[in-house]
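These notes concern the structure reproduced below.
2 protein chains.
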Amino acid sequence: MKHIYTGKTKNVYELEDGNYLLEFKDDVTGVDGVFDPGANTVGLTIEGAGLAGLKLTKYFFELLNEKGIPTHFIEADIDKKTMKVKPAETFGKGLEVICRFRAVGSFLRRYGLYAQEGQPLDAFVEVTIKDDEREDPPISEDALDMLGILSKAEYKVLKELTQKIAGIVKEELAKKGIELYDIKFEFGRDKETNEIMLIDEISGGNMRAYKNGEYIEPLELEKLILEG
Amino acid sequence: MKHIYTGKTKNVYELEDGNYLLEFKDDVTGVDGVFDPGANTVGLTIEGAGLAGLKLTKYFFELLNEKGIPTHFIEADIDKKTMKVKPAETFGKGLEVICRFRAVGSFLRRYGLYAQEGQPLDAFVEVTIKDDEREDPPISEDALDMLGILSKAEYKVLKELTQKIAGIVKEELAKKGIELYDIKFEFGRDKETNEIMLIDEISGGNMRAYKNGEYIEPLELEKLILEG
Numbered sequence: 001m002k003h004i005y006t007g008k009t010k011n012v013y014e015l016e017d018g019n020y021l022l023e024f025k026d027d028v029t030g031v032d033g034v035f036d037p038g039a040n041t042v043g044l045t046i047e048g049a050g051l052a053g054l055k056l057t058k059y060f061f062e063l064l065n066e067k068g069i070p071t072h073f074i075e076a077d078i079d080k081k082t083m084k085v086k087p088a089e090t091f092g093k094g095l096e097v098i099c100r101f102r103a104v105g106s107f108l109r110r111y112g113l114y115a116q117e118g119q120p121l122d123a124f125v126e127v128t129i130k131d132d133e134r135e136d137p138p139i140s141e142d143a144l145d146m147l148g149i150l151s152k153a154e155y156k157v158l159k160e161l162t163q164k165i166a167g168i169v170k171e172e173l174a175k176k177g178i179e180l181y182d183i184k185f186e187f188g189r190d191k192e193t194n195e196i197m198l199i200d201e202i203s204g205g206n207m208r209a210y211k212n213g214e215y216i217e218p219l220e221l222e223k224l225i226l227e228g
Numbered sequence: 001m002k003h004i005y006t007g008k009t010k011n012v013y014e015l016e017d018g019n020y021l022l023e024f025k026d027d028v029t030g031v032d033g034v035f036d037p038g039a040n041t042v043g044l045t046i047e048g049a050g051l052a053g054l055k056l057t058k059y060f061f062e063l064l065n066e067k068g069i070p071t072h073f074i075e076a077d078i079d080k081k082t083m084k085v086k087p088a089e090t091f092g093k094g095l096e097v098i099c100r101f102r103a104v105g106s107f108l109r110r111y112g113l114y115a116q117e118g119q120p121l122d123a124f125v126e127v128t129i130k131d132d133e134r135e136d137p138p139i140s141e142d143a144l145d146m147l148g149i150l151s152k153a154e155y156k157v158l159k160e161l162t163q164k165i166a167g168i169v170k171e172e173l174a175k176k177g178i179e180l181y182d183i184k185f186e187f188g189r190d191k192e193t194n195e196i197m198l199i200d201e202i203s204g205g206n207m208r209a210y211k212n213g214e215y216i217e218p219l220e221l222e223k224l225i226l227e228g
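Chains as they are written, first to last, in the UniProt record's numbering: chain A, 1 to 228; chain B, 1 to 228.
Spelled out as structure tokens, the structure:
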């Protein structure tokens, strides 16, 4: 296999069968040693974060595949901290799609004039461009279409998939008495079928979850969901 | 009449007949003495800027009213540098609506990963929140609706009006060999009819215009359009 990319939280290898292998690292995004799922930099290394991330991702992707929701997931090897995935084409140079159930993070930083911290949001979906240099700017449906990144028809699918998947995660967390505030996804086009599918991961590092009003750290979240 | 508001580029007075009087100042937005229509601060004072802004605004608002496009304009008094307008209710605490024909300014700062400077844009419309503290963040149709600022039906009207008015201004400028790159509008609801109408002004301070590839300063633009 061939190493093709070193990401902030994962290494990516190309396999001989045409699929890809994602190796989960213990690095998580954040700023100055404080975890922040919305951050663009590796803020800290948490021993066990990679394994916890992979376990949760495996759990959720298997659940989604059972429900017939397209994802890139093929299989996971917990011991090796790797996940085998189908090849995907990203939208442009990559987008992040956020689904928000409560106002926190960058939503509040942008719209604090109209929103209170923690106020309920109706599965609100927004898209940001993956562009570290320009701090991941939000982008509208019209701009995505105009710049040739995503057609209007694709945007509709993306938004529906996002709300559906976020709803499933929210429901799973609720079973453990945990409330999902927001979650970030990445999508791509299946290289074989061109179908839009969920890629990347679903882990504590991609969401903000609270229990009894207290924020839950990614590692703790994995324990609560898988062992709790 | 009663002074009710001191804006960056205008003073606002309430008249006894229920209408409002806008007094145009010579202050223009910008940073460190350099004019920038997208800036949030008064960058400099240009003698004659207020008068030039009022003259252009009168010219365009009269043209729009002739074409049956709703605006708040009633009449202008060039000598007093004032304009009488109908009362309007802003959307939330105020929105700015931008129509872009070429990629410059904040569009390029945000989407430079996908756009070249000066690249044609198809009368692209975006909305930003008037919020100096948070640097006028862009906001999507979905967020405007969710936060109760603007309904989806109103957004549709706003976008159509914006493209229509920007198209008229673009055409007027083209008659003088000038190309409109982008323009910023403000809208409000007519307090009597609840109809969405154009408010504020249309002047050199709200647009970027170029002639033979050279940017035209606001005062020069007024001369080229009204005297050229």
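Glycine included, C-beta positions come from ideal geometry on N, C-alpha and C.
Within chain A, the residues that residue i reaches when beta carbons sit closer than 9 Å
| i | result |
| --- | --- |
| residue 126 of chain B | 140, 142, 143 |
| residue 197 of chain B | Within 9 Å Cβ-Cβ: nothing; residue 197 of chain B doesn't reach chain A, min ~22 Å. |
Residue burial classification, residue i (beta-carbon count within 10 angstroms, cutoff 16)
| i | result |
| --- | --- |
| residue 226 of chain A | exposed |
| residue 109 of chain B | exposed |
| residue 34 of chain B | exposed |
| residue 93 of chain A | exposed |
| residue 259 of chain B | Any question about residue 259 of chain B goes unanswered here, given that chain B covers just 1 to 228. |
| residue 194 of chain A | exposed |
| residue 37 of chain A | buried |
| residue 174 of chain B | exposed |
| residue 222 of chain B | buried |
| residue 141 of chain B | buried |
| residue 78 of chain A | exposed |
Chain A residues whose Cβ lies nearer than 7 Å to that of residue i
| i | result |
| --- | --- |
| residue 149 of chain B | 114 |
| residue 122 of chain B | 146 |
| residue 70 of chain B | Result: empty, since nearest Cβ-Cβ is about 23 Å, beyond 7 Å. |
Chain B residues whose Cβ lies nearer than 8 Å to that of residue i
| i | result |
| --- | --- |
| residue 156 of chain A | Those within 8 Å of residue 156 of chain A in chain B number zero; the least Cβ separation is about 12 Å. |
Contacts of residue i in chain B (Cβ-Cβ under 9 Å)
| i | result |
| --- | --- |
| residue 129 of chain A | 110, 111, 113, 114 |
| residue 189 of chain A | Per Cβ cutoff of 9 Å: no residues; residue 189 of chain A is ~17 Å from chain B at best. |
Distance, residue j Cα to residue i Cα
| i | j | result |
| --- | --- | --- |
| residue 80 of chain A | residue 54 of chain A | 10 Å |
| residue 149 of chain B | residue 83 of chain A | 44 Å |
| residue 87 of chain A | residue 69 of chain A | 16 Å |
| residue 154 of chain B | residue 105 of chain A | 28 Å |
| residue 139 of chain B | residue 126 of chain B | 8 Å |
| residue 89 of chain B | residue 144 of chain B | 16 Å |
| residue 102 of chain B | residue 117 of chain B | 8 Å |
| residue 115 of chain B | residue 181 of chain B | 14 Å |
| residue 210 of chain A | residue 201 of chain A | 20 Å |
| residue 208 of chain A | residue 100 of chain A | 10 Å |
| residue 65 of chain B | residue 190 of chain B | 14 Å |
| residue 26 of chain A | residue 199 of chain A | 19 Å |
| residue 146 of chain B | residue 14 of chain A | 42 Å |
When you check each C-beta in the region 101-119 of chain B against every C-beta of chain A, which residues fall closer than 9 Å? Those would be 107, 109, 110, 111, 112, 113, 114, 115, in chain order.
Residues, ordered as in the chain, of the region 162-186 of chain A that lie near chain B by beta-carbon distance below 7 Å: none
Using a Cβ cut-off of 9 Å, which residues of the region 202-219 of chain B contact any Cβ in chain A, in chain order? Answer in chain order: no residues at all.
Between the region 9-40 of chain A and chain B, which residues of the former have CB atoms less than 7 Å from a CB of the latter, in chain order? none
In the region 77-94 of chain A, which residues sit with their C-beta less than 7 Å from some C-beta in chain B, listed in chain order? 92, 93
Segment contact, 8 Å Cβ cut-off, at least three pairs: the region 209-224 of chain A with the region 6-24 of chain B: no
Evaluate contact between the region 166-179 of chain A and the region 131-145 of chain B, counting only Cβ atoms and requiring at least three cross-stretch pairs below 8 Å. no
Do the region 14-26 of chain B and the region 40-55 of chain B touch if we need at least three Cβ pairs shorter than 8 Å? Yes, the region 14-26 of chain B touches the region 40-55 of chain B.
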